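In mature numbering (1 follows the signal peptide of the UniProt record, and there is no 0), the protein residues as written are -19 to -1, 1 to 241. Note that the Cβ used here is the ideal one computed from N, Cα and C, for glycine as well. Note that the coordinates shown come from a computational prediction; the quantities given were computed from them, not determined experimentally. All remarks here apply to the structure that follows.
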């Protein structure tokens, strides 16, 4: 365990003080390229620099790193930094004994660890909590659905769990938009030297990827009854331009007939 902490500390050292000379000072001191030195005591602390959390071997080392690098760093709590495990969308939401809901066991375990570091308290699970009454245990079948936020879910059951969490914990309503993977995942637009298109519904697209996404959404929302096509290259004329063009055509036809 101590070896793992020291290893994490060394990685944090390399990140924080890469430009400083660091050498061990006899008997058990750490000297940081100058007057800042610390006892070699394994009393880890977790600190936040920017959006990244780092574990330091002790608070003295953290203060030395701050002095040498002049970068804003905030002490979060004593102990190694809590790390979130990796969960999949098949993992169901869970609730704790305080009535709070988490999107997965991974999120719960992270919060549990932080609560213990900060307050020394233990948060337990509560499978009978009111918020978790809509949670289901899902299989791993791949029968994707797309929700109204543009997120693809593996199957209907995983979507229902996602909707349960957002409704009960975040007070947000999410519905199914259509069956299948979300069309927004099919391509990535660069908008670099892209050709502009006008579709058969009168909408302008900045590139072919944008058109394909719109085409996909329309077909899936209408079960294939309506299909989007490219009507012209370039922007779609607005209503006023269409009226103007129609008037110009009418005037030209009148003038042409008069000439005859």
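- For residue 198, same chain residues with a beta-carbon under 6 Å away, outside a window of 5 residues either side, are 164 in chain order.
- Secondary-structure assignment with DSSP links residue 54 through a beta bridge to 30.
- Check the Cα spacing between residue 18 and each of 26, 49 and 33: the tightest is with 49.
- In the three-state scheme derived from DSSP, where H, G and I count as helix and E and B as strand, residue 92 is classed as helix.
- The Cβ atoms of residue 140 and residue 158 lie no closer than 8 Å to each other.
- The alpha carbon of residue 161 has as its nearest neighbour, out of 125, 171 and 31, the alpha carbon of 125.
- For residue 186 and residue 177, the gap between their C-alpha atoms comes out near 6 Å.
- By a beta-carbon distance limit of 8 Å, residue 27 does not contact residue 67. Their separation comes to about 20 Å.
- Annotated three-state conformation of residue 119 is coil, per DSSP.
- Here residue 52 is exposed, its C-beta having fewer than 16 other C-beta atoms within 10 Å.
- When DSSP states are grouped into helix, strand and coil, residue 213 belongs to the strand group.
- Nearest in C-alpha terms to residue 21, of all of 41, 137 and 29, is 41.
- Counting C-beta atoms within 10 angstroms of its own C-beta, residue 103 has fewer than 16 neighbours from the protein chains shown and is therefore classed as exposed.
- Within the same chain, and ignoring the five residues on either side of residue 115 in sequence, the residues whose Cβ sits closer than 6 Å to its Cβ are 145.
- Rounded to the nearest angstrom, the Cβ distance from residue 71 to residue 135 is 6 Å, consistent with a contact under 8 Å.
- In this structure, residue 142 lies near residue 74, with their beta-carbon atoms less than 8 Å apart.
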